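Down below is the structure, laid out as structure tokens.
There are 2 protein chains.
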Amino acid sequence: MEQFIAMPELRKDPVTGRWVIIATERAKRPSQYTKTVEERRGGFCPFCPGNERTTPPEVLAYRPTSTQPDQEGWWLRVVPNKFPALISDGVLKRSARGMYDCMTGFGAHEVLIESPNHEQSYGDLPEEQITEIIWALRDRVVELRKLEGVRYILIFKNWQREAGASLEHPHTQIIALPIVPKRVQEELHGASKYYDHRERCVFCDMIQQELSDNLRIVAMNDTFICFLPFAGRFPFEMVLMPREHTAYFNDIQKKHVADLASITRQVFGLIREALDDPAYNFLVHAAPFNEAGAEPYYHWHIEIIPKLTKVAGFEWGTGFYINPTPPEAAAKFLQQVAARMANGGDANGKSARIASIH
Amino acid sequence: MEQFIAMPELRKDPVTGRWVIIATERAKRPSQYTKTVEERRGGFCPFCPGNERTTPPEVLAYRPTSTQPDQEGWWLRVVPNKFPALISDGVLKRSARGMYDCMTGFGAHEVLIESPNHEQSYGDLPEEQITEIIWALRDRVVELRKLEGVRYILIFKNWQREAGASLEHPHTQIIALPIVPKRVQEELHGASKYYDHRERCVFCDMIQQELSDNLRIVAMNDTFICFLPFAGRFPFEMVLMPREHTAYFNDIQKKHVADLASITRQVFGLIREALDDPAYNFLVHAAPFNEAGAEPYYHWHIEIIPKLTKVAGFEWGTGFYINPTPPEAAAKFLQQVAARMANGGDANGKSARIASIH
Numbered sequence: 239m240e241q242f243i244a245m246p247e248l249r250k251d252p253v254t255g256r257w258v259i260i261a262t263e264r265a266k267r268p269s270q271y272t273k274t275v276e277e278r279r280g281g282f283c284p285f286c287p288g289n290e291r292t293t294p295p296e297v298l299a300y301r302p303t304s305t306q307p308d309q310e311g312w313w314l315r316v317v318p319n320k321f322p323a324l325i326s327d328g329v330l331k332r333s334a335r336g337m338y339d340c341m342t343g344f345g346a347h348e349v350l351i352e353s354p355n356h357e358q359s360y361g362d363l364p365e366e367q368i369t370e371i372i373w374a375l376r377d378r379v380v381e382l383r384k385l386e387g388v389r390y391i392l393i394f395k396n397w398q399r400e401a402g403a404s405l406e407h408p409h410t411q412i413i414a415l416p417i418v419p420k421r422v423q424e425e426l427h428g429a430s431k432y433y434d435h436r437e438r439c440v441f442c443d444m445i446q447q448e449l450s451d452n453l454r455i456v457a458m459n460d461t462f463i464c465f466l467p468f469a470g471r472f473p474f475e476m477v478l479m480p481r482e483h484t485a486y487f488n489d490i491q492k493k494h495v496a497d498l499a500s501i502t503r504q505v506f507g508l509i510r511e512a513l514d515d516p517a518y519n520f521l522v523h524a525a526p527f528n529e530a531g532a533e534p535y536y537h538w539h540i541e542i543i544p545k546l547t548k549v550a551g552f553e554w555g556t557g558f559y560i561n562p563t564p565p566e567a568a569a570k571f572l573q574q575v576a577a578r579m580a581n582g583g584d585a586n587g588k589s590a591r592i593a594s595i596h
Numbered sequence: 239m240e241q242f243i244a245m246p247e248l249r250k251d252p253v254t255g256r257w258v259i260i261a262t263e264r265a266k267r268p269s270q271y272t273k274t275v276e277e278r279r280g281g282f283c284p285f286c287p288g289n290e291r292t293t294p295p296e297v298l299a300y301r302p303t304s305t306q307p308d309q310e311g312w313w314l315r316v317v318p319n320k321f322p323a324l325i326s327d328g329v330l331k332r333s334a335r336g337m338y339d340c341m342t343g344f345g346a347h348e349v350l351i352e353s354p355n356h357e358q359s360y361g362d363l364p365e366e367q368i369t370e371i372i373w374a375l376r377d378r379v380v381e382l383r384k385l386e387g388v389r390y391i392l393i394f395k396n397w398q399r400e401a402g403a404s405l406e407h408p409h410t411q412i413i414a415l416p417i418v419p420k421r422v423q424e425e426l427h428g429a430s431k432y433y434d435h436r437e438r439c440v441f442c443d444m445i446q447q448e449l450s451d452n453l454r455i456v457a458m459n460d461t462f463i464c465f466l467p468f469a470g471r472f473p474f475e476m477v478l479m480p481r482e483h484t485a486y487f488n489d490i491q492k493k494h495v496a497d498l499a500s501i502t503r504q505v506f507g508l509i510r511e512a513l514d515d516p517a518y519n520f521l522v523h524a525a526p527f528n529e530a531g532a533e534p535y536y537h538w539h540i541e542i543i544p545k546l547t548k549v550a551g552f553e554w555g556t557g558f559y560i561n562p563t564p565p566e567a568a569a570k571f572l573q574q575v576a577a578r579m580a581n582g583g584d585a586n587g588k589s590a591r592i593a594s595i596h
């Protein structure tokens with residue numbers, strides 16, 4: 239029998255209906271929050287080849303058939319998170335505690351190790367490897383949606399400590415949730431209202447508007463477009479979406495996967511170069527699986543949020559953001575850096591870049 | 239004539255309806271986001287006595303009648319923010335840019351300098367000074383709501399750089415907005431639905447539940463209660479509210495101001511001692527002024543969010559938070575520290591505290 243794991247708990251805010259995971263498995267003792275106790279890491283990386291036994295057993299790996307699970311030889315691995323926010327053994331149970339509503343923390347939380355390379359990520363991995371990442375993400379979504387009680391699957395990535403990453407080795411996370419998160423519900427609600435009025439997808443309309451304005455586009459190919467949203471909350475916030483209407487990421491056509499890999503590499507290479515390898519968050523938003531009728535109005539997309547500023551109290555308290563950089567100015571800056579990179583990134587690239595702005 | 243100020247712009251997200259301020263006055267050039275350019279500050283503080291001329295002219299000050307505006311002698315000052323997110327000269331104008339909605343950045347953004355003391359804040363200022371701060375905040379709310387076009391006034395404080403503060407000298411901010419922010423709308427909506435079902439205020443019910451559970455209370459006096467919300471998003475997140483139902487902060491009774499000052503000092507003193515003076519955000523949520531009928535169901539309160547963990551991509555992408563510390567465990571820890579402080583905070587207090595947890 240496995241070691242006893244305290245089930246994480248979901249709790250609902252009685253005012254706003256927002257759910258929170260109280261994940262005691264990930265708990266720090268209160269004293270660990272004081273500044274005197276800083277987490278320190280040695281040079282050991284559980285995600286590097288040779289250390290497979292230090293992660294939970296793999297649930298998916300791309301590796302030669304001649305190799306064994308949880309041994310070296312893989313070029314991509316997916317393992318359960320060692321400190322999961324949600325766990326899949328157990329049952330989804332709802333309960334009340336006085337006036338408060340709870341739910342058992344049922345779901346799944348997995349980590350996709352992007353490659354054996356400890357250094358390279360979306361911006362510098364070969365396109366072929368990014369293609370493999372996309373396939374693996376799709377494979378896991380297809381698998382996890384079979385779990386009874388799962389209502390939403392979120393793919394996300396925290397790059398660097400300031401963005402919430404706790405391990406250096408490039409990895410992407412997949413979390414299967416028993417609820418549809420509030421922000422996705424808001425998007426569904428807004429997109430549905432827009433559709434009711436106009437019988438058009440609001441995201442498709444945004445793409446048309448961006449193409450016509452041509453002020454905020456960062457990258458584009460036959461299948462995908464990346465731009466800075468008109469009402470972006472954060473400096474250099476970006477959205478990456480398929481140009482053709484599709485509600486589900488996992489419905490991506492095989493012939494489009496290479497285009498997604500290519501624009502991903504391009505955009506993240508540009509972010510690294512233009513903003514000096516900043517921390518960022520990467521999130522895939524798609525329609526929930528059991529949301530009847532979302533297909534005509536919801537359009538899957540990726541949100542990219544470089545972490546360049548501190549989010550202040552004003553933002554937390556209001557959901558109302560102050561963005562000090564107009565998206566048009568940010569787009570122009572990125573376009574200039576992209577042009578310079580295309581003209582051969584010489585060794586003086588960085589100093590040339592900084593000089594040109596002042 | 240004053241120097242030309244580019245009007246900040248409000249932009250609306252076409253999907254979710256969320257507004258964002260594009261505050262070009264506060265803009266950094268894109269290059270300033272790169273890590274090589276870190277803001278550095280000298281020893282100069284524009285909020286310290288003697289430097290009154292380096293802030294915009296005061297809009298309110300508590301000072302002896304024998305002293306002149308914008309001169310020394312004050313014990314509390316309110317000045318317009320030098321880099322305002324919103325400005326009050328101009329008119330509120332709505333416009334469309336293609337499919338996108340905009341509004342001029344009309345409003346006000348003020349800074350309350352809490353005292354002449356560069357070091358002391360809510361946790362260590364004398365209670366009498368905190369009382370003065372409360373009166374000054376109320377005075378400004380009463381004044382700012384007269385501005386035509388203002389729909390909401392938010393009082394907030396960012397303590398330390400990690401919470402978004404850009405100046406050290408303790409200060410609280412007041413912002414008058416032409417919209418009701420999304421998070422407040424959500425609270426209004428939820429509280430109103432709750433009231434429709436039960437004809438009771440959800441916040442009043444929470445107070446009853448907290449008193450009966452007695453697991454999450456941090457501090458209490460005759461008029462106010464401070465507890466960790468059952469579904470708190472962040473470790474040690476707290477809420478401080480009047481025990482009696484009131485919708486508006488500025489309706490506070492004179493006899494209750496001292497109780498608010500006292501619990502504020504107590505709670506922030508405890509936070510500083512227990513969590514080693516962490517960064518935090520402080521926010522006052524009250525009903526919007528022109529929201530017809532909000533009085534029976536909305537209950538003003540203060541949110542206190544110590545910044546102990548990084549908010550990760552998962553949270554940004556979903557509005558669904560992972561809190562690694564159960565509020566009950568956090569409350570217990572705080573109660574222990576409070577008890578130790580009450581038993582005489584000797585010089586060894588800190589080491590005794592840390593020893594007792596391990």
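Protein chains in written order, with the numbering used here: chain A, 239 to 596; chain S, 239 to 596.
Beta carbons: idealized from backbone N, C-alpha and C, even for Gly.
Quantities reported herein were computed from a predicted structural model and do not represent experimental measurements.
Check, Outcome
"Consult DSSP for Glu-433 of chain A and reduce its assignment to one of helix, strand or coil.", "Note on residue identity: the sequence assigns Tyr, not Glu, to residue 433 of chain A. Correct three-state label for Tyr-433 of chain A: helix."
"What residues in the stretch 481 to 497 of chain A have a beta carbon less than 9 angstroms from any beta carbon of chain S?", "none"
"Which same chain residues end up closer than 6 angstroms to Ile-540 of chain S when comparing Cβ atoms and leaving out the 5 residues on each side of it in sequence?", "Leu-478, Val-522"
"Could you spell out the range, first to last residue, of the beta strand (DSSP E) harbouring Trp-257 of chain S?", "257 to 260"
"Which chain A residues are close to Trp-313 of chain S, counting only those with a beta carbon under 8 angstroms from its beta carbon?", "Ordered by position in chain A, no residue passes the 8 angstroms Cβ test against Trp-313 of chain S, which lies about 24 angstroms from the chain."
"Looking only at its chain, what residues have a beta carbon closer than 7 angstroms to the beta carbon of Leu-572 of chain S, apart from the 5 residues adjacent to it on each side?", "Val-456, Leu-508, Ala-512"
"Run the CB neighbour count on Gln-491 of chain S, radius 10 Å, all protein chains shown included, and call it buried at 16 or more, exposed below.", "exposed"
"Quick check on DSSP: helix, strand or coil for Gln-358 of chain A?", "coil"
"What separation, rounded to the nearest whole angstrom, lies between the Cα atoms of Ser-359 of chain A and Arg-578 of chain A?", "22 angstroms"
"Given that Arg-301 of chain S touches chain A, what residues does it touch there, using C-beta distances under 9 angstroms?", "By Cβ distance, chain A contributes nothing, its closest Cβ being about 28 angstroms from Arg-301 of chain S, past 9 angstroms."
"Could one say the Cβ of Tyr-360 of chain S lies closer than 9 angstroms to chain A's Cβ atoms, at least one of them?", "no"
"Quick one: residues in its chain with C-beta nearer than 6 angstroms to the C-beta of Ile-393 of chain A, no 5 flanking neighbours on either side, listed in chain order?", "Leu-375, Ile-412, Val-522"
"With a CB to CB cut of under 7 angstroms and the five nearest residues on each side skipped, what residues in its chain are close to Ile-182 of chain A?", "Lying before the first or after the last residue shown, residue 182 of chain A is absent from chain A, which here runs from 239 to 596."
"Count the other C-beta atoms from every protein chain shown that fall within 10 angstroms of the C-beta of Lys-493 of chain A, then say buried if there are 16 or more, exposed otherwise.", "exposed"
"Can you give the Cα-Cα distance for Ser-450 of chain S and Thr-484 of chain S, rounded to whole angstroms?", "21 angstroms"
"If you draw a straight line from the C-alpha of Pro-480 of chain A to the C-alpha of Thr-461 of chain A, how long is it?", "6 angstroms"
"Taking all protein chains shown into account, do 16 or more other C-beta atoms lie within 10 angstroms of the C-beta of Asn-586 of chain S, making it buried, or fewer, making it exposed?", "For Asn-586 of chain S, the predicted model reports a pLDDT of 44, less than 50, meaning its position is unreliable; a value from the coordinates is still stated below. Asn-586 of chain S comes out exposed."
"For the putative contact between Phe-472 of chain A and Thr-556 of chain A, defined by C-beta atoms under 8 angstroms, what is the C-beta separation to the nearest angstrom?", "Rounded, the Cβ-Cβ distance is 15 angstroms, inconsistent with contact."
"Using C-beta distances below 7 angstroms, list every residue in its chain close to Lys-320 of chain A, excluding the 5 sequence neighbours before and after it, in chain order.", "Thr-293, Pro-294"
"Within a Cβ cutoff of 8 angstroms, which residues of the same chain sit near Asn-355 of chain S, ignoring the five residues on either side of it in sequence?", "Leu-363, Pro-408"
"Which parts of the stretch 361 to 442 of chain A are runs of the beta strand (DSSP E), unbroken and 3 residues or longer, counting only runs that do not cross its ends?", "390 to 397, 409 to 415"
"Are the CB atoms of Ala-469 of chain A and Tyr-338 of chain S nearer to each other than 9 angstroms?", "yes"
"Could you have a look at His-483 of chain S and say whether DSSP puts it in helix, strand or coil?", "coil"
"Which first and last residues belong to the beta strand (DSSP E) in which Lys-250 of chain A is found?", "247 to 250"
"What's the call for Arg-291 of chain A, buried or exposed, on a 16-neighbour Cβ count within 10 Å?", "exposed"
"Give the residues of chain A in contact with Thr-293 of chain S, contact being defined as C-beta atoms less than 9 angstroms apart.", "None at all; the shortest Cβ gap to chain A is about 19 angstroms."
"With a threshold of 9 angstroms between beta-carbons, can Met-479 of chain S be considered close to chain D, or not?", "Note that chain D does not occur in the displayed structure, where the protein chains are A and S."
"Would a C-beta distance cut-off of 9 angstroms place Arg-454 of chain S and Glu-566 of chain S closer than the cut-off?", "yes"
"Looking only at its chain, what residues have a beta carbon closer than 7 angstroms to the beta carbon of Ser-333 of chain A, apart from the 5 residues adjacent to it on each side?", "Cys-340"
"To which residues of the same chain is Val-258 of chain S closer than 6 angstroms at the C-beta, ignoring the five residues directly before and after it?", "Arg-249"
"Does the beta-carbon distance from Pro-526 of chain S to Tyr-433 of chain S come in below 9 angstroms?", "no"
"For a cutoff of 9 angstroms on Cβ pairs, would you count Thr-305 of chain A as touching chain S?", "no"
"Under a Cβ-count criterion, where at least 16 other Cβ atoms within 10 Å of its own Cβ denotes burial, should Thr-303 of chain A be classed as buried or exposed?", "exposed"
"Assuming Ala-569 of chain S contacts Leu-405 of chain S under a Cβ cut-off of 8 angstroms, what Cβ separation, rounded to an integer in Å, is found between them?", "Not quite, the Cβ-Cβ distance comes to about 32 angstroms (not below 8 angstroms), so this is no contact."
"Cα separation between Gly-361 of chain S and Thr-262 of chain A?", "30 angstroms"
"At least one CB of chain S closer than 9 angstroms to the CB of Gln-573 of chain A: is that the case?", "no"
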